[in-house]
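Working notes, structure below.
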Amino acid sequence: MERAVSGVRSKRVPGERDKATTVLSMVGLPARGKTYIGRRVARYLSWLGHPTRVFNVGSYRRRQIGASQPADFFAPTNKEGRQVLHDLAMTALDDMLAWLREGGEVGIFDATNSTKERRRLVEERCRKEGLPVVFIESFCNDSSVIEANVRDTKLKSPDYVDMDPDAAAQDFLRRIAHYESMYETLDDPNQSYIKIIDVGRQVILNRIHGYLPARLAPLLIDLHVSPRPIWLTRHGQSDYNRHGRIGGDPELSPAGEEYAKHLAEFVRKNAPRDQEVAVWTSTLRRTISTATKITRSPRTWRALDEIDAGVCDGMTYDQVRIEMPDVWAARSADKFRYRYPRGESYEDVIQRLDPVIIQLERQRSPTLVIAHQAVLRAIYAYLMDRPPSECPSISVPLHTVIQLTPTAYGCEEKRFALPPNVEDQGAGG
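The letter at position 276 of the sequence shown is residue 278 when you use the working numbering, and the numbering goes up by one with no holes.
Below, the structure is given as structure tokens:
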């Protein structure tokens, strides 16, 4: 059979993902989750293909003057300490601006930026570089949230290594009090800002324009750190898997049917008793069939469908290599950006997965995602903060559950190989 062999490296659609260099400046008292939010934003934008870097002033302080600074070092009456902190903040700001000049796209200035004067200074420095600034404030007066953040994250920071937890907590609370005495919340109607109140109870957008700032709003509205497992698994072995064929909409093989039973047993044993598991699948038969032992009504997402192999759909990789050597060579040279003729690239897959990621961030209950190799590689890269270009090389074998548990600064990973053991022909991605 004769097949078309034209294929291209995927390119950005003009006007849709054009580079728009931006500064995001965090605002908030200590223990309000600024660094957590900054890192999540960086992970999200980097995954979407926008080079993003966080410049954390606390890291500069620890690196240049040491971690163990007592609370009084941060007091507004300590002129020497305030000058040191100001100089460190300006050094971080200088480094961020230099990085943006060298080709970076989004710089995140992670500091308290707790006064109007400091924020005006940040704006002025960025304006001279022709850069727009969007402030992101985490505002929280919920004592239970603050206390949990102090205990769960701040006391584990390098500032309090080998220090008694109770003494460390008291010292950090005194540090917070010093910042509170001079704190000024965002309220300038002429500034661009996103204000997150009480961990998403309310989100205020002011003068938010442009592609990137507007894209952040859905992510920030429901961002949380509620502990829950996210389970990623490919469907059970299909008839196409047995023969190494790409794509299609085949049924499960007998081994795949058996895996569906073992997967249901795994979920029953590992799901918290007081929480219902959300089960998500693609619209293809092999994922829906894999879910049937768990639920009769999984949530199906077209965005979770396998990468579109275009004219190569239904072929084996050997067929592609022999019958379409140009396609084989081009995809081997850049598997991430190469788009199958009349199909998709990994870069395309990431773009269509955006609404899935936003919903996954909102989930507070355990979530099981039953999908396909290329799609799960892209989701895994997001959750584990891996460069998008690494997607094609991430291991996502058949009949394996990848458990990812979000934490304040990343995800904890465990893998569970379930029976039956099958040979993975590598098709589908």
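C-beta atoms are modelled at their ideal positions from N, C-alpha and C, and glycine is treated no differently. Here the structure is a predicted model, which is why all the values come from computation and not from measurement.
- Item | Beta-carbon gap between Ile-381 and Ala-293 smaller than 8 Å | No, the Cβ-Cβ distance between Ile-381 and Ala-293 is not below 8 Å.
- Item | Cys-128 - containing alpha helix (DSSP H), residue span | Counting along the chain, the alpha helix (DSSP H) containing Cys-128 begins and ends at 118–130.
- In whole angstroms, what separates the C-alpha of Leu-26 from that of Gln-239? Here the alpha carbons of Gln-239 and Leu-26 stand approximately 45 Å from one another.
- Tell whether a beta-carbon distance below 8 Å holds between Leu-234 and Arg-288. Contact: no.
- Item | Separation of Leu-50 from Ala-305, as counted between CA atoms | The C-alpha of Ala-305 lies about 15 Å from the C-alpha of Leu-50.
- Check whether the segment 300–317 touches the segment 342–350, counting contact only when three or more Cβ pairs, one atom from each stretch, lie closer than 8 Å. Touching, yes, given that three or more Cβ pairs across the two stretches are closer than 8 Å.
- Which class does Thr-187 belong to by DSSP, given the choice of helix, strand or coil? DSSP places Thr-187 in coil when its eight states are reduced to three.
- Message: My output table needs one value for Ala-373: the three-state DSSP class, helix, strand or coil.
- Response: Strand at Ala-373.
- Kindly indicate which residue of Glu-392, Gln-361, Arg-209, Phe-137 has the alpha-carbon position closest to the one of Arg-379. Looking from the CA of Arg-379, the closest CA among Glu-392, Gln-361, Arg-209, Phe-137 belongs to Glu-392.
- Query: Taking the Cβ atom as the reference point for each residue, do Val-136 and Val-201 lie within a distance shorter than 8 Å?
  - Reply: For Val-136 and Val-201, no; Cβs fall outside 8 Å.
- With distances taken between CB atoms, is the gap from Arg-217 to Ser-194 smaller than 8 Å? The answer is no: Cβ separation not under 8 Å.
- To the nearest angstrom, how far is it from the Cα of Tyr-242 to the Cα of His-374? Taking the straight line from one Cα to the other gives about 13 Å.
- Own chain, CB closer than 7 Å to Ala-383, minus 5 neighbours either side, in chain order: Closer than 7 Å at the Cβ level, and outside the excluded window around Ala-383, lie Trp-49, Pro-390, Glu-392, Cys-393, Ile-396.
- Message: Tell me which residue opens and which closes the alpha helix (DSSP H) that Asn-151 is part of.
- Response: Per DSSP, Asn-151 belongs to the alpha helix (DSSP H) from 145–154.
- With a 10 Å radius around its C-beta and 16 neighbouring C-beta atoms as the bar for buried, classify Glu-115 as buried or exposed. The displayed chain sequence assigns Asn, not Glu, to residue 115. In this structure Asn-115 is buried. Its beta-carbon is surrounded by 16 or more other beta-carbon atoms within 10 angstroms.
- Message: Only counting the same chain, and skipping five residues up and downstream in sequence, which positions put a Cβ closer than 7 Å to that of Ile-223?
- Response: In its chain, beyond the 5 residues on either side, Gly-202, Val-205 have a beta carbon closer than 7 Å to the beta carbon of Ile-223.
- Query: Since Ala-44 and Val-59 are thought to touch, with beta carbons under 8 Å apart, how far apart are those beta carbons, to the nearest angstrom?
  - Reply: Not a contact, Cβ separation roughly 15 Å.
- To the nearest angstrom, report how far apart Gly-30 and Met-184 are at their CA atoms. Rounded to whole angstroms, Gly-30 to Met-184 spans 12 Å at the Cα level.
- Message: If you measure between the beta carbons of Thr-37 and Leu-214, is that distance less than 8 Å?
- Response: Cβ distance not < 8 Å, so Thr-37 and Leu-214 don't count as in contact.
- Just mark Ala-257 as buried or exposed, buried being the case when its beta carbon has 16 or more other beta carbons within 10 Å. Residue environment: Ala-257 is assigned as buried (16 or more neighbouring CB atoms within 10 Å of its CB, all protein chains considered).
- Selected residue, minimal CA-CA separation from Arg-84, among Pro-300, Tyr-181, Asp-154: Checking every option, the nearest Cα to that of Arg-84 belongs to Tyr-181.
- Can you give the Cα-Cα distance for Asp-173 and Leu-400, rounded to whole angstroms? A direct Cα-to-Cα measurement between Asp-173 and Leu-400 gives close to 50 Å.
- Task: Return the chain-ordered list of same chain residues with a C-beta closer than 6 Å to the C-beta of Asp-161, the five sequence neighbours on each side being excluded.
- Result: Once the five neighbours on either side are set aside, the close Cβ partners of Asp-161 are Ala-69.
- Could you pull the start and end residues of the beta strand (DSSP E) that Tyr-195 belongs to? Note, Tyr-195: beta strand (DSSP E), 195–199.
- Where Phe-137 sits in the DSSP three-state scheme: In the structure shown, Phe-137 sits in a strand (DSSP, three-state: E or B).
- Task: Please name the residue, chosen from Pro-72, Asp-74, Arg-64, Ala-73, that lies closest to Ala-91 on a Cα-to-Cα basis.
- Result: Closest by alpha carbon: Arg-64.
- Query: In chain order, what residues of the same chain lie with their CB nearer than 7 Å to the CB of Leu-188, ignoring the 5 residues before and after it?
  - Reply: Taken in chain order, the residues that qualify are Val-29, Phe-137, Glu-139, Tyr-195, Lys-197.
- Message: Let me confirm a value: Pro-343 is counted as buried when at least 16 other C-beta atoms fall within 10 Å, else exposed. Which label applies?
- Response: Buried is the call here.
- Where do the ends of the beta strand (DSSP E) carrying Asn-58 lie? 54–58 is the extent of the beta strand (DSSP E) around Asn-58.
- For the beta strand (DSSP E) containing Leu-208, list its first residue and its last residue. Per the sequence shown, the amino acid found at residue 208 is Asn instead of Leu. Taken as a continuous stretch (DSSP letters only), the beta strand (DSSP E) holding Asn-208 covers 204–208.
- Item | Arg-14 classed as buried or exposed, judged by whether at least 16 other C-beta atoms fall within 10 angstroms | Residue placement at Arg-14 is flagged as unreliable, the pLDDT there being 40, under the threshold of 50; a coordinate-derived value is accordingly withheld.
- Does the segment 331–338 come within contact of the segment 259–271, defined as at least 3 CB pairs closer than 8 Å? The segment 331–338 vs the segment 259–271: no contact.
- Query: When you compare only the Cα positions, how much space is there between Lys-416 and Pro-78?
  - Reply: Cα to Cα, Lys-416 sits roughly 46 Å from Pro-78.
- May I have the straight-line CA-CA distance separating Met-317 from Arg-323, to the nearest angstrom? Going by the C-alpha atoms only, they are around 10 Å apart.
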